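Student: Going letter by letter, the sequence shown gives residues -21 to -1, 1 to 456 in mature numbering (1 follows the signal peptide of the UniProt record, and there is no 0).
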Amino acid sequence: MKKTCLFFFMIFLMSWSNLSAQRDYIIMVDNGGSINKQDYVLMRRGVIKLIEQLLACNPENRVAVVQYGTGILDNDTGIYKPLIYIESDFTNDFFTAQNFERRLDFGDYFQQSLGLIRNAMLGISNPDIVSPQKTLNIEKDPNFIVFTDAERASGGLSSYLVDPAYASNYGSYDAFADVMDFKKGLSVAFPMRFTVIHANVNNDAIKAAASIADGDGPYSGPLEAVPGDPSNGHSRLYFNRDNGFHMVPSEINYWKNIAEKICHSGNIGALDFLYEPGHCIYQAGTIVGSYYLLSGATLQELKVDMINLETGEVYPVDSHPVFEAGNHFKFYLNLNSFDKAVIAGATGWYKLRLTMISNASTSPIYSWNRYPYFFYDVDMDLGMDCPGPMVAKSLSEEKLFKLTPNPTNGIVKVILNKEVKSGTLEIRDLVGNTVYNKILRDEKEIEVDLSSRKEGVYIVNVTTGKNEIYSEKIIKK
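(1) For Q1, name the three-state secondary structure that DSSP assigns.
(2) I think P111 touches I5, with their Cβ atoms under 8 Å apart; what is that distance to the nearest whole Å?
(3) Touching or not, the segment 304 to 320 and the segment 199 to 217, by the rule of three or more beta carbon pairs under 8 Å?
(4) Per DSSP, what are the beta-bridge partners of E424 in this structure?
(5) In angstroms with no decimal places, state the Cα-to-Cα distance between Y217 and V296.
(6) In three-state terms, what does DSSP make of F85?
(7) Between which two residues does the beta strand (DSSP E) harbouring T383 extend?
(8) To the nearest angstrom, how far is it from the Cα of Y329 to the Cα of D183?
(9) Roughly how many angstroms lie between the CA atoms of V180 and I286, to the nearest whole one?
(10) Please report the Cβ distance between V45 and V26, rounded to the nearest whole angstrom; I am assuming they are in contact, meaning their Cβ atoms lie under 8 Å.
(11) With F73 as the anchor, note down where its beta strand (DSSP E) starts and where it stops.
(12) Within the same chain, show all residues whose beta-carbon is closer than 7 Å to that of Y294, passing over the 5 residues directly before and after it, in chain order.
(13) Is the Cβ-Cβ distance between D356 and Y449 less than 8 Å?
(14) For I418 and K400, I'd like the C-alpha separation in whole angstroms.
(15) For G291, which residues of its own chain have a beta-carbon under 8 Å away from its beta-carbon, when the five flanking residues on both sides are left out?
(16) Could you name the residues of the same chain whose beta carbon sits closer than 7 Å to that of L379, not counting the 5 residues immediately before and after it, in chain order?
(17) Secondary structure at E230, three-state DSSP: helix, strand or coil?
(18) Can you give me the C-alpha to C-alpha distance between D360 and Y345, rounded to a whole angstrom?
(19) I need the boundaries of the beta strand (DSSP E) containing R41, first residue and last residue.
(20) Are Y352 and G435 close, meaning C-beta to C-beta below 8 Å?
(21) Identify whether K455 lies in helix, strand or coil by the three-state DSSP scheme.
(22) Can you check which of these residues, R349, Q279, N385, R332, is closest to S340 by C-alpha distance?
(23) Between D193 and R215, which are expected to be in contact by the criterion C-beta below 8 Å, what is the C-beta distance as a whole number of angstroms?
(24) Let's see if you can read the secondary structure: which residues bound the beta strand (DSSP E) around A249?
(25) What first and last residue would you give for the alpha helix (DSSP H) that runs through Y33?
(26) Under three-state DSSP, which class holds N155?
(27) Going by DSSP in three states, S346 sits in which element: helix, strand or coil?
(28) Looking at the structure shown, is V439 part of a helix, part of a strand, or coil, going by DSSP?
(29) By the three-class DSSP mapping on this structure, what secondary structure does K309 have?
(30) Assuming N222 is part of the beta strand (DSSP E), what are its boundary residues?
(31) Is the beta carbon of T265 closer than 8 Å to that of L331?
(32) Just to confirm my understanding: we take N148, look at its own chain, exclude 5 residues before and 5 after, and list those with CB closer than 7 Å. What are they?
(33) Distance, Cα to Cα, residue 483 vs F89?
(34) Shortest alpha-carbon distance to F161 belongs to which of A35, G207, H225?
(35) Would you kindly work out how many angstroms separate the C-alpha atoms of Q1 and K423, rounded to a whole number?
(36) Going by the beta-carbon positions, is the gap between T403 and N416 smaller than 8 Å?
Shown next, in the form of structure tokens:
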């Protein structure tokens, strides 16, 4: 008990000594058995996209990814008790932060995992922290961000948002004690906040997850009111996802909007951009962005780099910004923009990173692509695996065909606008795999079923008998 009190007192003192907008974020990732492999891939992508936005918001922010479950992944014997895996100590290095994979499985005892995180913060040895990293050296105002699909309490060791010992006690302090202890651990001026991103449609689960959340967020709906909760009477940082963790076209700003609610830039300026990846560098597009500088500050440099997601290697992208009204800008990318990476023999997936330097900041401001549908922006393995100059037909005002509906849940019609005596219809994913192929013989309309394919963007190519290639993109929801 004395160590716990000392811990919260220590955090309180650090909060008073660090009044900037910098934050430490503990990102808790549900590894429970209800999260299948595909769910985890989609959830992990969301975690990474939010990390990008938090580090872009303030380069001094730090994140630590902590995964929780009740057994080791791919260990059939299991352990079946609350476990956590700390990927790394707090870091503001994006490459380190995003370099994680699933570690655990089975149940997701959320409340008990908080007790293990408390041990890590206090430096208390605990064998249920099963990672090489055993501690979390917190320095700044702490914030929890929880990614989960958990039920309130489903029985056994499968899914719990509350303490299973008090699962039948709705609205009781004991059922939420670990969360409440963290919420009340600091002064009113420096609360330890919980943001919950919850993929569940069950009413009891939604109410329990909303009760865990706090902060001044967008949610003011039903919750499981807990006596003594310092968040009572306030809206909550609770974000419900009724379609799981996959993103739909209307959510292009989803992670950016959440980051803006839980992060403050600290008046150092801001940078933001959007880029829709092509499936190879021959189809590179345009970076569209905007920047904000402090009053009186001068922009000194704005550049683009590409970062390898496996090795962290960096290559400059050869393109210069075209500035427009209202602090907006564009980078027009083409094949030559990637010359340095191509000459060096670069392979694998890369992300684009923008860097802004001004005379008002001693350190650069970084930004990552807020396009939320892919892990990467450039696939160098497909850099040369495209049709030649004929791809330019996709940018022509003349469209050989249209796709409807687009986006689609599964069935899409390819409607040809003029007769094609002979040719082929091919649909490829962004990795380059062919998912559909058909020889065309005077068809005017072709129906394709993509319902078994994962969500994302696919490239639809129609090649005529004259070797003319027309391309469009289809979004599978």
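All residues carry an ideal CB built from backbone N, CA and C; glycine is no exception. Please read all numbers here as calculations on a predicted model, not as lab measurements.
Tutor: Considering the structure as presented:
(1) In this structure, Q1 counts as coil in the three-state DSSP scheme.
(2) Not really, about 18 Å apart at Cβ, beyond 8 Å.
(3) no
(4) I394
(5) 38 Å
(6) coil
(7) 380 to 383
(8) 41 Å
(9) Approximately 37 Å between the Cα atoms of the pair.
(10) Rounded, the Cβ-Cβ distance is 11 Å, inconsistent with contact.
(11) Looking at the DSSP string, F73 is not in any beta strand (DSSP E); the run it does join, the alpha helix (DSSP H), is 73 to 77.
(12) Within the same chain, Y294 has close Cβ partners D284, M285, K319, A320, A323, A325.
(13) no
(14) 10 Å
(15) For G291, where only same-chain residues beyond five positions count, the Cβ hits under 8 Å are F74.
(16) L395, N396, K397, V441, Y449
(17) helix
(18) 26 Å
(19) 41 to 48
(20) In this structure, Y352 sits near G435, with a CB-CB distance shorter than 8 Å.
(21) strand
(22) Q279
(23) 6 Å
(24) 249 to 253
(25) At residue 33 the sequence reads Leu, which differs from the Tyr that was named. Looking at the DSSP string, the run of the alpha helix (DSSP H) that includes L33 is 16 to 36.
(26) Note that residue 155 corresponds to Phe in the displayed sequence, not to Asn. In the structure shown, F155 sits in a helix (DSSP, three-state: H, G or I).
(27) Of the three classes helix, strand and coil, the one that applies to S346 here is strand, per DSSP.
(28) Looking at V439 - three-state DSSP - the assignment turns out to be strand.
(29) strand
(30) 221 to 224
(31) no
(32) A154
(33) A query on residue 483 cannot be resolved here, the shown segment of the chain reaching from -21 to 456 and no further.
(34) G207
(35) 58 Å
(36) yes
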